[in-house]
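Take a look at the structure below.
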Amino acid sequence: MTEIDVTTDQLVVTLHGWDRVWALKRRIAVPLGAVRGATADPGMSREPAGLRAPGTHLPRVITAGTYFRGGERVFWNLRASLEPVVVELAGQRYARLVLGAPDARATAERIERALTRS
């Protein structure tokens, strides 16, 4: 399970259970000032993730961990049963986060609302 929280000054992604094992990551915290935007992008689940380093990929099941594509480092934690939310970042370890959510549109809107308040 992936928990996506927005505080007054940070976007915090916490991985629980097997997601933590598959992604080889426990938590990612990003200042809200570094978040350029968030969108629900259903097509992202069909995009190639890139070179896995380290992470897990089982086609049509899960993509999790750190991937390199087009010279950018991207963090993925997306299972086939969830909808993709893409969070664009600036000046951080990752250029973007691709996260699974039960309702991607609502999650992206929640992140975007936090950006307009900060």
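Residues 108 to 225 (this note's numbering) are what the sequence shown spells out, left to right.
Just so it is clear, CB atoms sit at the ideal spot from N, CA and C, and this is done for glycine as well.
The beta carbon of ILE111 is closer than 7 Å to those of VAL120, LEU206, ALA208 and THR214 in its chain, skipping five residues each way along the sequence.
DSSP links ALA130 through a beta bridge to no other residue. For the alpha helix (DSSP H) assignment, the uninterrupted runs of no fewer than 4 residues enclosed by the segment 110-171 are, from N- to C-terminal side, 124-130. Within the same chain, and ignoring the five residues on either side of LEU158 in sequence, the residues whose Cβ sits closer than 8 Å to its Cβ are TYR174, PHE175 and ARG176. Note on geometry: alpha-carbon atoms of ARG203 and VAL193 lie some 7 Å from one another.
Sixteen is the threshold: since fewer than 16 other Cβ atoms of the shown chains lie within 10 Å of the Cβ of THR114, the residue is exposed. Looking at the backbone, the Cα of ALA211 and that of LEU189 are separated by about 8 Å. Given a length threshold of 3 residues, each whole run of the beta strand (DSSP E) inside the segment 168-212 is given here in chain order: 169-176, 179-186, 190-196 and 203-208. Cβ contact annotation for PRO138 (same chain, cutoff 7 Å, sequence separation greater than five): ASP116 and GLN117, in chain order.
Between ALA221 and TRP183, the CB-CB gap reaches or exceeds 7 Å. GLU195 is positioned such that its CB atom lies closer than 7 Å to that of GLY144.
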